[in-house]
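Novice: This is the structure I want to talk about, given as structure tokens.
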Amino acid sequence: MTSEVMGEAKFEVDPRQEIFDQLDGRHLGPKWMVPIRKSAVARFADAGFPTTKDEDWRFTNVSAIKELDFKPLYEGGDLGELSSVRDRSLLRSVDTCRLVFVDGVFSKELSDEPASIEGVYVADLRSAFDSDPLYLQEHITRYSQSDQNAFTALNTAYFSDGAVIKISRNVAVGQIIHLIFASTGKETGATTHPRNLVTVESGASVTMVEEYLSLGGGAVTLTNAISEFVVGENAYVEHVKIQDEADNSYHVAGIYAQLERSSRFRSHSLALGAKLSRNNIRTKLDGEGLECVLNGLYITKGDQVADHHMIVDHAKPHCDSHEYFNGILDGQSRGVFHGRILVRQQAQKTDAKQTNKNLLLSDDATANTKPQLEIYADDVKCTHGATIGQMDEAAIFYLRARGIPHVVARRMLMHAFAGEIIDRIESEPLREQLDQVVWDRLEK
Amino acid sequence: MFKIQNLHAGVEGKDILKGVNLEINPGEVHAIMGPNGSGKSTLGHIIAGKDGYEVTEGTMDFKDKDLLDLGPDERAHLGIFLAFQYPVEIPGVNTTYFLKSAVNEVRKARGLAELDAVEFLKFIKEKAALLELPGDFLKRALNVGFSGGEKKRNEIFQMAVLEPTFAVLDETDSGLDIDALKVVSNGVNQVKSPERSQLVITHYQRLLDYIVPDFVHVLYDGRIIRSGGKELALELEERGYDWVIESAAQPV
Chain D
1 MTSEVMGEAK
11 FEVDPRQEIF
21 DQLDGRHLGP
31 KWMVPIRKSA
41 VARFADAGFP
51 TTKDEDWRFT
61 NVSAIKELDF
71 KPLYEGGDLG
81 ELSSVRDRSL
91 LRSVDTCRLV
101 FVDGVFSKEL
111 SDEPASIEGV
121 YVADLRSAFD
131 SDPLYLQEHI
141 TRYSQSDQNA
151 FTALNTAYFS
161 DGAVIKISRN
171 VAVGQIIHLI
181 FASTGKETGA
191 TTHPRNLVTV
201 ESGASVTMVE
211 EYLSLGGGAV
221 TLTNAISEFV
231 VGENAYVEHV
241 KIQDEADNSY
251 HVAGIYAQLE
261 RSSRFRSHSL
271 ALGAKLSRNN
281 IRTKLDGEGL
291 ECVLNGLYIT
301 KGDQVADHHM
311 IVDHAKPHCD
321 SHEYFNGILD
331 GQSRGVFHGR
341 ILVRQQAQKT
351 DAKQTNKNLL
361 LSDDATANTK
371 PQLEIYADDV
381 KCTHGATIGQ
391 MDEAAIFYLR
401 ARGIPHVVAR
411 RMLMHAFAGE
421 IIDRIESEPL
431 REQLDQVVWD
441 RLEK
Chain P
445 MFKIQNLHAG
455 VEGKDILKGV
465 NLEINPGEVH
475 AIMGPNGSGK
485 STLGHIIAGK
495 DGYEVTEGTM
505 DFKDKDLLDL
515 GPDERAHLGI
525 FLAFQYPVEI
535 PGVNTTYFLK
545 SAVNEVRKAR
555 GLAELDAVEF
565 LKFIKEKAAL
575 LELPGDFLKR
585 ALNVGFSGGE
595 KKRNEIFQMA
605 VLEPTFAVLD
615 ETDSGLDIDA
625 LKVVSNGVNQ
635 VKSPERSQLV
645 ITHYQRLLDY
655 IVPDFVHVLY
665 DGRIIRSGGK
675 ELALELEERG
685 YDWVIESAAQ
695 PV
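Rendered as structure tokens:
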């Protein structure tokens, strides 16, 4: 009986607020972070977890995350058993510069020493707080702050590690920077709050990967990650996010990008794992003549839910934004696409495109799709389209009539459908490897 | 080699084929003609093994195997080929890749080694030239954006590549102009050999000037009501179908 009473008491104040009060300087980071964190907790307290009554969360119920124990991790996992982390990466065969985080904490032992290139700064956040505090003070949390999102607020309150990538003017980074966030899954409710900051100055270019994976501990965990991007004038960023966490885990991620004049930002999302995953992608097109491509593929089965929620904010004229999301849904799984395009009054000559296609492999799979346009300018081109369909039986018969067995024919069609997304990855080694990953997944 | 006996088949309880008998020996070319809705395409689909048809009576054998027990891919492995009346567009599946998969699946089923990439490419380029297909089409997605004529040529090209022992050509001539028809017919005739047979389904006698049949059959209301030599096609061209239908309806 006692425990029941305690249980009720516990939920009057959300544990995420209570635990915050127990944090000390070791957790909070530099002094200037403290007010930012406090206001984030206040924002969380104010907003609370979203419910399906919130328009932006209509299709995705996060009550299971709310009920989950909350154990923010500040210590990395035990390294003794973790030598296989790099081998678990879906990109193990690709030549990348790896930064490995175990249970949210940077592991120097498992990471590559970034090549020392003039104008390229790649570090873990804790080191960066010491070595470059002014830079962090200028950027970190600045782009995500405006979002009244409980998960973003929680990340800001609790984050303790992540990657910092700073590319100076006109530097083209040849190496693929590869962040691996591995969850050991040893403790129920273990929660990590990775926080990444990527700033690319004018004329510079970089390709980077964020990869989330589980090491098989089996406990239910939550990853609540944020990445902030600043893409300078004429700069180019290709960003690939791979989410392949254990199928009982929860994954929420925010991507906030501030895009300057004539830049190109391509962000690809591959959602394969987790029981529930949600990506909040917010891009601000804040200079003329830039291009923003958001491109995603989700492949789900069982009772998985994969949700992508985008807000593309056209603030300046002559910008192109394209969103392409394809889902392959099996079992009772669900794919959610919610894309909002906001075209502000001065953003004339905007060309905004949105496409969401879903392939349902079973009678019980569901796709929810909600394209949304909010246009205040009068000379713009905005299109959106969504399709939900099943395997094309005529195409399967055609392939079979040429001798291709049924399972192979199905796989070829699924692979072609996935290929529409994978083919947009410009980095050839990433594209080829992910194409293989998808092909292998479709076999199962 | 190929034998149909008393075949009855339909869709959702509606009979389409009502007792078809047909026997085709190695090296023979048979033509099936008949008015719209007589069951010609259904017969082609059933030979290839398309789902959705119910065979209620009769048999269909190929090289002493019961075809009705086999899926479309297994029939293709045995050497059956259907040139589609309406070839399907398949976005995202590259034509070369598709052909390579098809050829290798057929070879695998016959216990042959897979072709290596260089050999294969050389082989299909020769065949493509035969059908006068545009140079880039091997790189394009299967049938996507192809004109009607290109799609038909692609069908015969695939036949030339897969070298089937028994090919069914379902209205391959429909929609082709005379020049394209010559190219397609030439492709078909190149594949001909004493071991290989063809069943040509068509509306128009014109095709049979180029692909000369040994036998012509008239299919009407789900039955073959008359069979003859190639001169029957000419007679049909001249007189239409009514006289055949009427004479079939007369009591013997």
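Residue numbers (the numbering used here), protein chains in the order written: chain D, 1 to 444; chain P, 445 to 696. Note that beta-carbon positions come from the ideal geometry of N, C-alpha and C, so glycine has one too. Here the structure is a predicted model, which is why all the values come from computation and not from measurement.
Can you tell me which of the three DSSP states residue 151/D falls into?
Specialist: Of the three classes helix, strand and coil, the one that applies to residue 151/D here is helix, per DSSP.
Novice: The region 370 to 403 of chain D: which residues have C-beta closer than 8 Å to a C-beta of chain P, in chain order?
Specialist: Under the 8 Å Cβ criterion, the region 370 to 403 of chain D contributes 392, 393, 394, 395, 397, 398, 399, 400, 401, 402 and 403.
Novice: So for residue 311/D, helix, strand or coil by DSSP?
Specialist: Residue state, collapsed to three classes: strand.
Novice: Determine, using beta-carbon pairs with one atom in the region 168 to 180 of chain D and one in the region 132 to 149 of chain D, whether at least three such pairs fall under 8 Å.
Specialist: Touching, no.
Novice: Consider the Cβ of residue 494/P: report whether some Cβ of chain D lies at a distance smaller than 8 Å.
Specialist: It does: the Cβ of residue 494/P has a partner Cβ on chain D nearer than 8 Å.
Novice: Going by Cα to Cα distance, which pick from 246/D, 227/D and 261/D is closest to residue 255/D?
Specialist: The candidate whose alpha carbon is nearest that of residue 255/D is 227/D.
Novice: Tell me, please, whether the region 314 to 324 of chain D touches the region 286 to 299 of chain D by the rule of three or more beta-carbon pairs shorter than 8 Å.
Specialist: As far as the Cβ criterion goes, the region 314 to 324 of chain D touches the region 286 to 299 of chain D, which means the pair count is three or higher.
Novice: Could you give the C-beta distance for residue 400/D and residue 517/P, rounded to a whole number, given that I count them as a contact under 8 Å?
Specialist: That belief holds up - the Cβ atoms of residue 400/D and residue 517/P are roughly 4 Å apart, short of 8 Å.
Novice: Please report the straight-line C-alpha distance between residue 209/D and residue 92/D, rounded to a whole angstrom.
Specialist: One C-alpha to the other measures close to 12 Å.
Novice: Within 8 Å (strictly less), CB to CB, does residue 268/D reach chain P?
Specialist: Closer than 8 Å: no.
Novice: At 4 residues or longer, what runs of the alpha helix (DSSP H) sit wholly inside the region 149 to 191 of chain D?
Specialist: Within the region 149 to 191 of chain D, the complete alpha helix (DSSP H) runs of at least 4 residues are 150 to 158.
Novice: For residue 581/P, I'd like the list of residues in its chain whose CB is within less than 8 Å of its CB, leaving aside the five on either flank, ordered along the chain.
Specialist: Only 539, 572, 590, 594 and 598 meet the Cβ criterion.
Novice: Bridge partners for residue 207/D per DSSP, in chain order?
Specialist: Per DSSP, 238/D.
Novice: For residue 431/D, which of helix, strand or coil comes out of DSSP?
Specialist: Three-state result, residue 431/D: helix.
Novice: Name, please, each residue of chain P whose Cβ falls closer than 9 Å to the Cβ of residue 406/D.
Specialist: Per Cβ cutoff of 9 Å: 515, 516 and 517.
Novice: Tell me which residues share the same chain as residue 9/D and place their Cβ nearer than 8 Å to its Cβ, disregarding the 5 neighbours each side in the sequence.
Specialist: Residue placement at residue 9/D cannot be trusted, given a pLDDT of 44 that sits under 50; the coordinates are not used to answer.
Novice: Considering only C-alpha positions, which residue in the set 549/P, 456/P, 652/P and 537/P is nearest to residue 520/P?
Specialist: Residue 520/P has its Cα closest to that of 549/P, out of 549/P, 456/P, 652/P and 537/P.
Novice: If you measure between the beta carbons of residue 275/D and residue 244/D, is that distance less than 8 Å?
Specialist: Going by C-beta atoms, residue 275/D is not nearer than 8 Å to residue 244/D.
Novice: Tell whether a beta-carbon distance below 8 Å holds between residue 527/P and residue 677/P.
Specialist: No, Cβ-Cβ distance for residue 527/P and residue 677/P is not below 8 Å.
Novice: Going by beta-carbon coordinates alone, are residue 447/D and residue 181/D separated by less than 8 Å?
Specialist: Outside the displayed range of chain D (1 to 444) lies residue 447/D, so it cannot be described from this structure.
Novice: List, in chain order, every chain D residue whose beta-carbon is nearer than 9 Å to that of residue 520/P.
Specialist: The answer, in chain order, is 400, 401, 402, 403 and 404.
Novice: For residue 4/D, collect the residues of the same chain with a Cβ closer than 7 Å to its Cβ; drop the 5 residues on either side in sequence, then sort them by chain order.
Specialist: With a pLDDT of 44 at residue 4/D, under the threshold of 50, the modelled position of that residue is not reliable, and the figure given next carries that caveat. Correct list: empty, nothing qualifies.
Novice: Could you check what DSSP says for residue 60/D in three-state terms: helix, strand or coil?
Specialist: Of the three classes helix, strand and coil, the one that applies to residue 60/D here is coil, per DSSP.
Novice: Work out the CA separation of residue 315/D and residue 113/D for me, nearest whole Å.
Specialist: Approximately 39 Å, taken between the alpha carbons.
Novice: Could you say if the region 454 to 468 of chain P and the region 364 to 371 of chain D meet the contact criterion of at least three C-beta pairs nearer than 8 Å?
Specialist: The region 454 to 468 of chain P vs the region 364 to 371 of chain D: no contact.
Novice: Are the C-beta of residue 8/D and some C-beta of chain P separated by less than 8 Å?
Specialist: Because residue 8/D sits at a pLDDT of 44, beneath the cut-off of 50, its placement in the model cannot be relied upon, and the following sentence gives the value as read from the coordinates. Cβ-Cβ to chain P under 8 Å: no for residue 8/D.
Novice: Distance check for residue 38/D and residue 30/D, CA to CA, integer angstroms please.
Specialist: Approximately 13 Å between the Cα atoms of the pair.
Novice: Is the shortest distance between the beta-carbon of residue 4/D and the beta-carbons of chain P less than 8 Å?
Specialist: A caution first: residue 4/D carries a pLDDT of 44, below 50, which makes its placement in the model unreliable, though a value can still be read off. No, residue 4/D lies away from the interface with chain P (no Cβ there is under 8 Å from its Cβ).
Novice: Residues in the same chain with beta-carbon distance under 7 Å from residue 537/P, minus the five sequence neighbours each way, listed in chain order, please.
Specialist: Hits under 7 Å: 585 and 586.
Novice: What are the boundary residues of the alpha helix (DSSP H) that residue 17/D is part of?
Specialist: Element bounds for residue 17/D: 15 to 21.
Novice: Please check if any C-beta of chain D sits within less than 8 Å of the C-beta of residue 528/P.
Specialist: Chain D, which has a Cβ nearer than 8 Å to the Cβ of residue 528/P, makes this yes.
Novice: Taking the alpha helix (DSSP H) that residue 654/P falls in, what are its first and last residues?
Specialist: Looking at the DSSP string, the run of the alpha helix (DSSP H) that includes residue 654/P is 651 to 654.
Novice: Indicate whether residue 415/P and residue 629/P have their beta-carbon atoms separated by less than 8 Å.
Specialist: Because chain P here runs from 445 to 696, residue 415/P falls outside it and cannot be looked at.
Novice: Residues of chain D with CB closer than 7 Å to the CB of residue 546/P, please, in chain order.
Specialist: Ordered by position in chain D, the residues that pass the 7 Å Cβ test against residue 546/P are 402, 403 and 404.
Novice: For residue 248/D, I'd like the list of residues in its chain whose CB is within less than 7 Å of its CB, leaving aside the five on either flank, ordered along the chain.
Specialist: Closer than 7 Å at Cβ, skipping near neighbours: 220 and 275.
Novice: Should the region 604 to 614 of chain P be called in touch with the region 631 to 638 of chain P, which here means at least 3 C-beta pairs below 8 Å?
Specialist: Yes, the region 604 to 614 of chain P touches the region 631 to 638 of chain P.
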